[in-house]
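Novice: Numbering-wise, this note's numbering puts 195 at position 136 of the sequence shown, and it's gapless, one number per residue.
Cβ coordinates follow ideal geometry from the N, Cα and C atoms, glycine included.
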Amino acid sequence: MAEASGQFGVNGPESRRDWPALSDAEARDVLSRFPLPSPARQVIWHGRRPFSSTGVVLLEDSSRVFLKRHDHCLRDATALAEEHRFITHLAEQGVPVGKTWHTKSGEAALDLNGSAYEVFSIMPGHDLYETVQSWEPFHNARHAFSAGQRLGQLHQASRSFDAPARPARRPLLSTFEIITSADLMTGLERWIPHQAGLTEALTHHRWRADLPQALLPFHEKLKPHLGTIQPRWGHGDWHPSNLFWTGTDPEAQVCGILDFGMSDRTCAAYDLAVAIERTAIAWLEPESDCPVSLDRLEAFLSGYQTHYALSAEESRLVPLFLPLVHVEYALSEVAYYETLVHDRAGVKAAYTDYLLGHAHWFSSPTGQQFLHKLTHLLQTAPCP
60 MAEASGQFGV NGPESRRDWP ALSDAEARDV LSRFPLPSPA RQVIWHGRRP FSSTGVVLLE
120 DSSRVFLKRH DHCLRDATAL AEEHRFITHL AEQGVPVGKT WHTKSGEAAL DLNGSAYEVF
180 SIMPGHDLYE TVQSWEPFHN ARHAFSAGQR LGQLHQASRS FDAPARPARR PLLSTFEIIT
240 SADLMTGLER WIPHQAGLTE ALTHHRWRAD LPQALLPFHE KLKPHLGTIQ PRWGHGDWHP
300 SNLFWTGTDP EAQVCGILDF GMSDRTCAAY DLAVAIERTA IAWLEPESDC PVSLDRLEAF
360 LSGYQTHYAL SAEESRLVPL FLPLVHVEYA LSEVAYYETL VHDRAGVKAA YTDYLLGHAH
420 WFSSPTGQQF LHKLTHLLQT APCP
């Protein structure tokens, strides 16, 4: 079995893991329930991303598959089937996503011993950002342009996918039920009880005072435009390390799209705003004012519009969504770190640095300048 290293934590690489690494025996047992070309031999690589356990498994015929385990408190086979239906639709539309394997009994994923397992074929290309912390900017503008093209392609393909939104009880999704409520606090009060452990976790914070102060000014600007939203499924977590690349050089192009665990029915403008939040602003740089990558942002938007033409209203929505896109995911992370993995550093990162900190940054002169620049870029973008 390959030696399992630690994980990417909220403050960078850590030696510990929240969820145990996949074992060889576990992989053999799980994969025996899928119609693979040959039995599993051993785990030869372990992923370091948090929230689940992942690995590449070598089969007896020397082929490989990707195996992912989720604790049932986060995902079960029913939840994974929601994601797989979207992945299957995108594949049918020519979007380069991973091939999912069904169990021998035809299920999209396997529930076993309190965990859910999903299996993917190995995607061609290179995991170019494997060692990079999630949500870091693209290495260069050429990478950003290619990633924008693929997201535009995904949004174009998702026009014809009409599945309903996922249940509100699902944790760790990119959703917008709260921020698209006519009244922000009413939306919060309605949504919070659906998230297991969140009501308890928030008793340690002054959220009824903190959140209106940080979020209401942005919500008031968004509210008049809520009636123009055209619902559509999105990826929910678009950043470089969720993409596979044709090579390891500056000219590499995106050739594969990974990890639909946060996908849900939102809209194209919201999902584009999520991608901008996670690729254009250096949130993780210490001792900085979160510098922005304007050259890569411009390239990303140019690539995006080669495949998806934003309407005038969608262009207006993107910068209005941007200071708010993180709200539900950040709140869900508060519950995760407080009640599931009992990580105090994680709780602080989720509530103070992420939920409040990102909103405060967008209120700062630097953040306001960024929003004005984004608005200008979207208003002046040429039609494809």
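Pop quiz: Leu274 and Leu243 are said to be a contact at Cβ under 8 Å. What is the actual Cβ separation, rounded to whole angstroms?
Specialist: In the sequence shown, residue 274 corresponds to position 215, counting from 1. In the sequence shown, residue 243 corresponds to position 184, counting from 1. Indeed they touch by this definition, with Cβ atoms about 6 Å apart.
Novice: Is it right to say Gln364 is buried, meaning 16 or more other beta carbons lie within 10 angstroms of its own, or is it exposed?
Specialist: In the sequence shown, the residue the question calls residue 364 occupies position 305. Result: buried.
Novice: So, helix, strand or coil for Gly362, using DSSP?
Specialist: Translated into the one-based positions of the sequence shown, residue 362 becomes position 303. Correct three-state label for Gly362: helix.
Novice: Quick one: which unbroken beta strand (DSSP E) runs of 3-plus residues sit fully inside the segment 297-365? Chain order, please.
Specialist: 302-304, 313-316, 323-326
Novice: Taking C-alpha atoms, which residue in Val313, Phe303, Asp330, Tyr388 lies nearest to Arg291?
Specialist: The residue you call residue 291 lines up with position 232 of the sequence shown. If we check each option's Cα against that of Arg291, Asp330 comes out closest.
Novice: Starting from Val406, follow the alpha helix (DSSP H) in both directions and report where the run begins and ends.
Specialist: Against the sequence shown, residue 406 aligns to sequence position 347. Looking at the DSSP string, the run of the alpha helix (DSSP H) that includes Val406 is 403-407.
Novice: Determine, using beta-carbon pairs with one atom in the segment 360-379 and one in the segment 263-272, whether at least three such pairs fall under 8 Å.
Specialist: no
Novice: Less than 8 Å between the CB atoms is what I'm expecting for His129 and Ala175, so what's the real figure, rounded?
Specialist: As a position in the sequence shown, residue 129 is number 70, starting the count at 1. As a position in the sequence shown, residue 175 is number 116, starting the count at 1. About 5 Å; that satisfies the 8 Å criterion.
Novice: Could you check where the beta strand (DSSP E) with Phe125 kicks off and where it finishes?
Specialist: Taking the first residue of the sequence shown as position 1, residue 125 is located at position 66. 123-130 is the extent of the beta strand (DSSP E) around Phe125.
Novice: Given this structure, state the Cα-to-Cα distance separating Gly426 from Leu379, to the nearest angstrom.
Specialist: Position 367 of the sequence shown holds residue 426. Position 320 of the sequence shown holds residue 379. Distance between the alpha carbons of Gly426 and Leu379 is about 13 Å.
Novice: Ignore the nearest five residues each way along the sequence and tell me which others in Ala394's own chain have a CB closer than 6 Å to its CB.
Specialist: As a working mapping, residue 394 is identified with position 335 in the sequence shown. Excluding residues within five positions, the ones whose Cβ falls inside 6 Å are Gln254, Gly256, Leu257, Ala260.
Novice: Tell me the DSSP bridge mates of Phe179?
Specialist: For the purposes of this step, residue 179 is taken as residue 120 along the sequence shown, with counting starting at 1. DSSP output for Phe179 lists Phe125, Thr159 as bridge partner(s).
Novice: Return the chain-ordered list of same chain residues with a C-beta closer than 8 Å to the C-beta of Glu357, the five sequence neighbours on each side being excluded.
Specialist: Within the sequence shown, the letter at position 298 stands for residue 357. Excluding sequence neighbours, Glu357 sits near Ala200, Leu436.
Novice: Considering just the uninterrupted stretch of the alpha helix (DSSP H) at Val89, what are its terminal residues?
Specialist: Locating residue 89 in the sequence shown gives position 30, where the first residue counts as 1. Looking at the DSSP string, the run of the alpha helix (DSSP H) that includes Val89 is 83-90.
Novice: Does DSSP put Ser240 in a helix, in a strand, or in coil?
Specialist: Against the sequence shown, residue 240 aligns to sequence position 181. Ser240: coil per DSSP, three-state reduction.
Novice: What number of angstroms, rounded off, separates the C-alpha of Pro299 from the C-alpha of Pro350?
Specialist: As a working note, residue 299 is residue 240 in the sequence shown. As a working note, residue 350 is residue 291 in the sequence shown. For Pro299 and Pro350, the distance between alpha carbons rounds to 18 Å.
Novice: Report, in whole angstroms, the separation of the C-beta atoms of Val124 and Leu95, which I expect to be a contact under 8 Å.
Specialist: Reading the sequence shown from its first residue, position 65 is the one you call residue 124. Reading the sequence shown from its first residue, position 36 is the one you call residue 95. Right, their Cβ atoms sit about 6 Å apart.
Novice: Identify which residue in Gly153, Trp160, Thr234 has its Cα closest to the Cα of Ser322.
Specialist: Here the question's residue 322 lines up with position 263 in the sequence shown. It is Thr234 whose Cα lies nearest to the Cα of Ser322.
Novice: For Glu177, which of Glu279, Ala140, Pro424 has the nearest alpha-carbon?
Specialist: For this step, residue 177 is matched to residue 118 along the sequence shown. If we check each option's Cα against that of Glu177, Ala140 comes out closest.
Novice: Over the uninterrupted alpha helix (DSSP H) stretch that includes Trp266, give me the two end residues.
Specialist: Here residue 266 refers to the residue found at position 207 of the sequence shown. For Trp266, the enclosing alpha helix (DSSP H) starts and ends at 266-281.
Novice: Name the DSSP beta bridge partners of His185, please?
Specialist: Here the question's residue 185 lines up with position 126 in the sequence shown. DSSP output for His185 lists Trp304 as bridge partner(s).
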